[in-house]
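**Q** Letter 1 of the sequence shown, counting from 1, is numbered 342 in our numbering, and no numbers are missing.
Don't be surprised by glycine CBs; every beta carbon is placed ideally from N, CA and C.
One structure, as structure tokens, below. Some questions next.
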Amino acid sequence: MQELTADDIRGAFVNATERDLEIMELPLDLPLVDWFHVDFLGWRDPSTRARCYVVTEVDGVPTAIILRAAQQPSRAYNGICNICRTMQPGNQVTMMAARKGGEAGAREETIGTYMCADISCHTNVRLALPLAPGEFRANVDFRIDNTARRMRDFVRRVRDGG
């Protein structure tokens, strides 16, 4: 990804209101991000854990979305993130919903998918060993490329209201 400033990130949101941007807290480690090795930047708002953010490049343009994490009870079974396709304990995968962009968002329509609860997909796919017993691990470069593609596709669907 190209290097982004705080203003670049705030200007990239496609489904945020002015109020959302006022209360948004950027990640504390933003000055330390190694943009060359980041496929997308994702973080949970430290003041409101249910609010999450993702910034990626869609068609070469920085594009960001606000997500809302579902409130869930702890589960004993495993779950799979639809972005990185990593199997994890069920309480580490949660439904994330985003208000769609454009007219669909004005009608309060949302789109959702299961994601790593801490939005650490870009880190999980770089691990050499599986996170769960019986999990199949493909080539790391293949996993990185497909994780980035799936995140871009999800952000594009939110942006386009589809």
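(1) At what residue ranges does the region 426-502 contain a whole run of the beta strand (DSSP E), taking only runs of 3 or more?
(2) Mind checking Val402: buried by the 16 CB within 10 Å criterion, or exposed?
(3) With C-beta atoms as the reference, is Met456 less than 8 Å away from Asn419?
(4) For the pair the region 346-364 and the region 402-411, tell me if three or more CB-CB distances fall below 8 Å.
(5) Expressed to the nearest angstrom, what Euclidean distance is found between the alpha-carbon atoms of Met365 and Val481?
(6) If contact is defined by three or more beta carbon pairs under 8 Å, each pair taking one atom from either stretch, is the region 421-438 in contact with the region 384-392?
(7) Secondary structure at Pro403, three-state DSSP: helix, strand or coil?
(8) Taking the alpha-carbon positions, what's the Met492 to Asp370 distance?
(9) Shortest alpha-carbon distance to Pro430 belongs to which of Ile421, Met437, Met436, Ala438?
(10) Write down the C-beta distance between Asp380 and Thr464 rounded to the nearest angstrom, noting that I regard them as a contact closer than 8 Å.
(11) When you compare the CB positions of Val395 and Val496, do they come within less than 8 Å of one another, or not?
(12) Which same chain residues end up closer than 8 Å to Asp361 when comparing Cβ atoms and leaving out the 5 residues on each side of it in sequence?
(13) Based on DSSP bridge pairs, tell me the residues matched to Thr397.
(14) Determine the DSSP secondary structure at Ala357, reduced to helix, strand or coil.
(15) According to DSSP, is Ile421 part of a helix, a strand, or is it coil?
(16) Could you tell me the distance, in whole angstroms, from the CA atom of Gly446 to the CA atom of Arg498?
(17) Could you compute how far the alpha carbon of Thr451 sits from the alpha carbon of Arg440?
**A** Quick look at the numbers:
(1) 428-430, 434-440, 451-457
(2) Indexing the sequence shown from 1 puts residue 402 at position 61. Val402 is exposed by the Cβ-count criterion.
(3) Reading the sequence shown from its first residue, position 115 is the one you call residue 456. Reading the sequence shown from its first residue, position 78 is the one you call residue 419. Going by C-beta atoms, Met456 is not nearer than 8 Å to Asn419.
(4) yes
(5) Stepping through the sequence shown from its first residue, residue 365 is reached at position 24. Stepping through the sequence shown from its first residue, residue 481 is reached at position 140. When rounded, the distance between both Cα atoms is 33 Å.
(6) no
(7) Counted from its first residue, the sequence shown places residue 403 at position 62. Three-state DSSP puts Pro403 in a strand.
(8) Position 151 of the sequence shown, counting from 1, holds the residue named residue 492. Position 29 of the sequence shown, counting from 1, holds the residue named residue 370. One C-alpha to the other measures close to 21 Å.
(9) Taking the sequence shown and counting its residues from 1, one reaches residue 430 at position 89. When only C-alpha atoms are compared, the closest one is Ile421.
(10) Indexing the sequence shown from 1 puts residue 380 at position 39. Indexing the sequence shown from 1 puts residue 464 at position 123. At roughly 10 Å, the Cβ-Cβ gap does not stay under 8 Å, so Asp380 and Thr464 are not in contact.
(11) Position 54 of the sequence shown, counted from the first residue, corresponds to residue 395. Position 155 of the sequence shown, counted from the first residue, corresponds to residue 496. Contact flag set, yes.
(12) Against the sequence shown, residue 361 aligns to sequence position 20. Cβ within range, chain order: Phe354, Ile407.
(13) Start at 1 with the first residue of the sequence shown, and residue 397 comes out as number 56. Thr404.
(14) In the sequence shown, counting from the first residue as 1, residue 357 sits at position 16. Coil, per DSSP.
(15) Residue 421 sits at position 80 when you count from the first residue of the sequence shown. Ile421 falls in the strand class under three-state DSSP.
(16) In the sequence shown, residue 446 corresponds to position 105, counting from 1. In the sequence shown, residue 498 corresponds to position 157, counting from 1. Between Gly446 and Arg498, the C-alpha separation is close to 12 Å.
(17) Position 110 of the sequence shown holds residue 451. Position 99 of the sequence shown holds residue 440. Taking the straight line from one Cα to the other gives about 4 Å.
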